[in-house]
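Trainee:
Numbering (the UniProt record's numbering), first residue to last: 1 to 572.
1. For residue 503, does the three-state DSSP call read helix, strand or coil?
2. Put residue 435 into one of helix, strand or coil per three-state DSSP.
3. Once DSSP output is grouped into helix, strand and coil, what is the label at residue 29?
4. Between the C-alpha atoms of residue 369 and residue 326, what's the straight-line distance to the nearest angstrom?
5. Using beta-carbon positions only, say whether residue 374 and residue 347 come within less than 7 Å of one another.
6. At what residues does the alpha helix (DSSP H) containing residue 301 begin and finish?
7. In whole angstroms, give me the CA-to-CA distance for residue 118 and residue 95.
8. From residue 437 to residue 108, what does the alpha carbon distance come to, in whole angstroms?
9. Does the beta-carbon of residue 411 have 16 or more other beta-carbons within 10 angstroms, so that it is buried, or is it exposed?
10. Return the Cβ separation of residue 110 and residue 80 in integer angstroms, given the expectation that the two are a contact with Cβ distance under 8 Å.
11. In chain order, what are the residue ranges of uninterrupted alpha helix (DSSP H) at least 4 long that sit wholly in the region 365-409?
12. How is residue 553 classed by DSSP in three states: helix, strand or coil?
13. So, does the CB of residue 535 fall closer than 7 Å to a CB anywhere in chain D?
14. Candidates 58, 144, 42 and 69: which alpha carbon is nearest residue 52's?
15. Would residue 104 and residue 222 qualify as a contact pair, given that the criterion is a beta-carbon distance under 7 Å?
16. Along the chain, where does the beta strand (DSSP E) that runs through residue 202 open and close?
17. So for residue 282, helix, strand or coil by DSSP?
18. Whole-angstrom Cβ separation of residue 250 and residue 277, contact assumed at under 8 Å?
19. Buried or exposed for residue 546, going by 16 or more other Cβ atoms inside 10 Å?
20. Closest by CA to residue 418, which one among 203, 469 and 333?
21. Which residue or residues does DSSP assign as beta-bridge partners of residue 59?
22. Can you give me the start and stop residues for the alpha helix (DSSP H) that residue 134 sits inside?
23. What does a CB cutoff of less than 7 Å around residue 379 pick up in its chain, not counting 5 residues either side in sequence?
24. If we call anything under 7 Å between Cβ atoms a contact, is residue 487 one with residue 498?
25. Taking the alpha-carbon positions, what's the residue 321 to residue 121 distance?
26. Fully enclosed by the UniProt domain "AMP-binding enzyme C-terminal" (439-515), which alpha helix (DSSP H) runs are 4 residues long or longer?
27. Closer than 6 Å by C-beta to residue 575: which residues in its own chain qualify, once you throw out the five before and the five after it? Chain order, please.
28. What number of angstroms, rounded off, separates the C-alpha of residue 298 from the C-alpha of residue 381?
29. Which residue from 97, 43, 143 and 253 puts its Cα closest to that of residue 177?
30. Pick out whichever of 337, 224 and 245 has its Cα sitting closest to the Cα of residue 409.
31. Go through its chain and collect everything with a Cβ distance to residue 146's Cβ below 8 Å, but skip five positions before and after it.
32. Name the DSSP bridge partner or partners of residue 531?
33. When the Cβ atoms of the region 468-484 are set against those of the region 437-450, are three or more pairs found closer than 8 Å?
34. Secondary structure at residue 266, three-state DSSP: helix, strand or coil?
35. For residue 385, which option in 184, 195 and 150 has the closest C-alpha, if you only look at C-alpha atoms?
36. Just tell me which of 183, 537 and 63 has its CA closest to the CA of residue 260.
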């Protein structure tokens with residue numbers, strides 16, 4: 001597929017890294033880089049690596065220096081400039097796993113002034129066609145694995161750019177404001193939107209605490225902002241080494257970290273939990289890894305990971321839109337703290353700033369209705385660069401100069417922000433309002449839980465009931481008495497928070513970036529193929545939900561004239 005790689009030498013092929021040169025918790029955008037310099041571009045950063053012979057990319061047994069990477073990018077840039085129709089948006093779909101060609105095409109597009117559309121390979125059929133048509137891709141680059149999914153595909157195996165081998169770098173660079181990438185949002189609450197990222201925005205992401213001797217491991221999809229902003233572009237900016245893995249593997253994770261001398265990596269979703277579920281080994285600390293950036297990791301997993309592997313786990317907050325960035329706070333499980341100069345607040349539905357969270361002696365949030373609101377960045381001009389072809393969604397996000405994240409949060413007395421769910425994650429049980437995320441954090445402490453999602457499901461009388469969908473570690477089964485006893489010992493569990501229903505799922509539904517998809521959980525509620533346990537009204541513990549139980553619930557909805565709220569059964 002490429003001409004400039006070489007085989008690895010020894011077990012790593014790169015000099016021993018010195019670790020993160022500026023300390024272990026700074027591999028995030030810096031507080032003074034809220035607004036990117038107007039003259040900074042990714043193209044200029046690529047050009048600066050043209051004579052750099054440091055190893056820039058590792059993939060399997062192959063390696064490329066930065067000089068070789070830039071040469072590959074120049075070939076793609078020349079081909080793109082000769083191929084793209086200048087009368088149409090310069091959008092190219094890239095439907096590839098984490099392979100070197102993805103990097104070469106991304107850098108080639110940056111040099112050519114084109115825009116990569118990161119097409120999610122997890123989508124199929126009409127959804128995939130919709131994404132490609134909506135973003136006006138002139139063509140889609142794909143390998144043989146995906147070539148049959150869409151008609152207008154250029155197979156990377158055919159290497160149509162080979163006629164441009166030896167091409168020089170373009171004489172000019174695109175403008176900093178030029179569109180460089182369209183990142184699809186997760187689609188966990190609606191159809192995915194294509195968030196715009198400019199050359200300047202990604203160039204800003206390159207200015208992190210990564211040093212030239214660091215080795216950054218990227219097992220997360222390059223179609224998502226986490227992999228791009230936390231690994232690819234920081235590696236480019238520092239001239240560090242990027243390690244690509246085609247697809248995340250929990251069983252291969254430690255082997256890769258040791259083999260390549262990784263100093264930093266990132267995860268999303270439940271990847272950290274999957275790594276922890278692998279059998280312990282005497283080699284668990286035999287590595288150079290210093291820092292893991294793990295948004296969404298539970299406090300339990302954060303502590304357990306550091307105890308087992310010795311690496312620091314930090315969390316932060318970001319999104320495909322890039323409108324809000326929070327920096328690590330040092331409190332496991334938190335979203336983080338606001339960078340200096342960023343006016344980030346929590347607003348209620350009336351646009352009034354929420355009060356700081358208050359807790360009782362057991363750690364229970366006592367003022368949820370007054371403390372929880374939407375996470376908002378005021379004075380957000382330039383922070384959010386818009387959605388492609390979706391002015392309605394763009395207007396909903398950016399109102400009166402403020403960026404509305406769509407995420408619920410609360411702020412503690414130390415100025416640390418905590419996730420409380422999506423805007424649609426409010427529940428109302430017995431006239432009490434609360435959100436899902438605090439309950440999820442509590443259930444995640446249960447010893448055998450590897451994944452949890454809490455949703456509101458309809459109550460036959462009024463409002464909601466709590467359903468917790470749980471994924472258990474391999475070899476574990478659900479013990480209803482033990483689980484009920486565990487809940488009774490959680491001092492910070494609200495009086496209305498204990499789940500009425502517990503769904504035991506072999507695998508929780510996820511969207512493309514690994515986040516749990518709550519839509520089918522809400523829609524199906526207890527009408528699914530998974531094992532459901534429930535706590536009937538006035539009962540002390542949990543028991544299996546039976547067919548007669550389901551029939552009785554249906555009768556209650558009919559009797560109280562609420563049948564329109566009754567769940568929709570699973571189609572499988």
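Positions of the beta carbon are idealized from the N, C-alpha and C atoms, including for glycine.
Remember, predicted model here, so these are calculated numbers, not experimental data.
Mentor: Working from what's here:
1. Three-state result, residue 503: strand.
2. Of the three classes helix, strand and coil, the one that applies to residue 435 here is strand, per DSSP.
3. Reliability fails at residue 29, whose pLDDT of 33 lies under 50, so the model's placement of it is uncertain and no value is given.
4. Roughly 23 Å separates the two Cα atoms.
5. At a Cβ-Cβ threshold of 7 Å, residue 374 and residue 347 count as neighbours.
6. From DSSP, the alpha helix (DSSP H) with residue 301 extends over 299-309.
7. Taking the straight line joining both Cα atoms gives about 7 Å.
8. Pairing residue 437 with residue 108, the inter-Cα distance amounts to about 41 Å.
9. Buried, by the Cβ-count rule.
10. Going by Cβ atoms, the distance from residue 110 to residue 80 rounds to 10 Å, so no, they are not a contact pair.
11. Taking only runs of at least 4 residues, the alpha helix (DSSP H) segments lying wholly in the region 365-409 are 368-371 and 391-397.
12. Three-state DSSP puts residue 553 in a helix.
13. Judged by its chain identifiers, the structure shown contains no chain D, having just a single protein chain.
14. Comparing Cα positions, the closest option is 69.
15. Cβ distance not < 7 Å, so residue 104 and residue 222 don't count as in contact.
16. First-last for residue 202: 199-205, but that is the alpha helix (DSSP H), not the beta strand (DSSP E).
17. Looking at residue 282 - three-state DSSP - the assignment turns out to be coil, as it is neither helix nor strand.
18. Yes, they are in contact, since the Cβ atoms of residue 250 and residue 277 sit about 7 Å apart, within 8 Å.
19. Burial call: exposed.
20. Taking residue 418 as reference, the option from 203, 469 and 333 with the minimal CA-CA separation is 333.
21. According to DSSP, which records beta bridges pairwise, residue 59 is partnered with 62 and 244.
22. Note, residue 134: alpha helix (DSSP H), 125-134.
23. Around residue 379: 343 and 401.
24. It is a contact, given that the beta carbons lie within the stated cut-off.
25. Taking the CA atoms as reference points, residue 321 sits about 20 Å from residue 121.
26. Runs of alpha helix (DSSP H) with 4 or more residues, each lying fully within the UniProt domain "AMP-binding enzyme C-terminal" (439-515), are found at 480-488, listed in chain order.
27. Only positions 1 to 572 of the chain appear in the structure, and residue 575 is not among them; the question remains open.
28. Cα to Cα, the separation comes out at about 33 Å.
29. If we check each option's Cα against that of residue 177, 43 comes out closest.
30. Restricting attention to 337, 224 and 245, the CA atom closest to the CA of residue 409 is found in 337.
31. Same-chain partners within the cutoff: 95, 96, 121 and 153.
32. The partner list for residue 531 (beta bridge, DSSP) reads 504.
33. Verdict: yes, contact present.
34. Residue state, collapsed to three classes: strand.
35. Residue 385 has its Cα closest to that of 195, out of 184, 195 and 150.
36. Closest by alpha carbon: 63.
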